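**Q** What follows is a structure written as structure tokens; I'll ask about it next.
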Amino acid sequence: MNADILISDFTNPTLLFFLLGILASVIKSDLEIPENSFKFISLYLLFSIGFKGGQELQHGDFGWQIILALFLGFMVSALIPIYTFFILKRKLSISDAGAIAASYGSVSAVTFVAAVSFLELQNLKYDGHMVAVMAFMEFPAIIVGVLLMRKFEHTEVKGSMKKLFHHAFSNGSVLLLMGSLFIGIIADSKQAEDIKPFTTDIFKGFLALFLLEMGITTAKRFSGFMKNGSFLLIFAIVIPLINGCAVALVSKLMLEGIGNQFIMSILGASASYIAVPAAMRLAAPKADPGIYIPMALGVTFPINITIGMPLYYSILNL
């Protein structure tokens, strides 16, 4: 692994603010970002990513690379929950296994944001259609996870598939991301330049504040998660790294551009702690959010942004 890449990642200001948030929670500081402000920052990041991705798509040609990226994203999101479910159900209830499997098959928009920042540090670009791929990967894992729960334990899963599909597509983060992407595609380029200071120039500052709050939240939830033993901790560390490395190798064969390959790798390695928990409240109320949210947020997220990203990038450069 290139030491310069690792040093660059660990000195990234956004990551340092994440670590500051963890420190604040550990020393029981009263530092916090107001809930309404945090929600605004979250919406801003999704809006900015979607709009910029749409603008990139507007200037590109719809071709096989987009189709391949969408196909690969769908397959990754659908297959990860299957193999992880059978690992998890040996130790956990069917509902918990299904919810965790869905989380690890789905994606994290925040990890995507961090990956974009990593690429910028390496002076690499990615195509705008990867934003659409990220949004597209939100729902297949949710559907597969619920189908697995229904097959192995009918009594633990509630809600019709129609409602589940509706919830997956109408989830606020997915809707804003896809809506911003579509608006970015049809928006006039000259007029889009007028809002560039908002969509681009202040992006990293808001990302730093977002990760500060994520650090605080991660530290608070991590202690409760640790009560569940080492099995889940090992799973939350090892499985994402396996997924990310495997997807990196496949991406090298199917996708053009190291930026696109890297984004696909980090999407395969990430775990959802927004869309999936919202869906699981409807589909599997017996699943314990005190397990799958801290796993994704408290372990997998920091592993990906500290160890995972330099690792996947090194594989892609072999």
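Mapping to the numbering used here: the sequence shown position 107 is 289, numbers consecutive. Virtual Cβ for every residue (Gly too), placed ideally from N, Cα, C. The structure presented is a predicted model; accordingly, all values stated were derived computationally and were not measured.
#1: Please identify the residue among I384, F318, V289 and F334 whose C-alpha is closest to the C-alpha of G451.
#2: Whole-angstrom Cβ separation of K378 and T196, contact assumed at under 8 angstroms?
#3: Do you know offhand how far D278's Cα is from D376's?
#4: Helix, strand or coil for A284 per DSSP?
#5: Per DSSP, what kind of secondary structure is A206 in: helix, strand or coil?
#6: CA-CA distance, K333 and K273?
#7: How big is the Cα-Cα spacing for L423 and L449?
#8: Just reading off the alpha helix (DSSP H) that P492 is part of, what are its end residues?
#9: Who are the near neighbours of Q443 in its chain, counting only those whose CB is closer than 8 angstroms to its CB and skipping five residues on each side?
#10: Considering G426, what are the terminal residues of the alpha helix (DSSP H) in which it resides?
#11: Report yes if the C-beta distance between S285 and A469 is below 7 angstroms; otherwise report no.
#12: For I223, name the three-state secondary structure that DSSP assigns.
#13: Tell me which residues share the same chain as F233 and place their Cβ nearer than 6 angstroms to its Cβ, disregarding the 5 neighbours each side in the sequence.
#14: Can you tell which of M360, A283 and P216 has its C-alpha closest to the C-alpha of Q237?
**A** Put simply:
#1: The question names Gly, but residue 451 is Ala in the sequence shown. The shortest Cα separation from A451 among I384, F318, V289 and F334 belongs to V289.
#2: Not confirmed; about 20 angstroms, so no contact.
#3: 47 angstroms
#4: helix
#5: helix
#6: 18 angstroms
#7: 11 angstroms
#8: M491 to L498
#9: A430, S433, K434, L437 and L498
#10: S412 to M436
#11: no
#12: helix
#13: S362, G366 and T381
#14: M360
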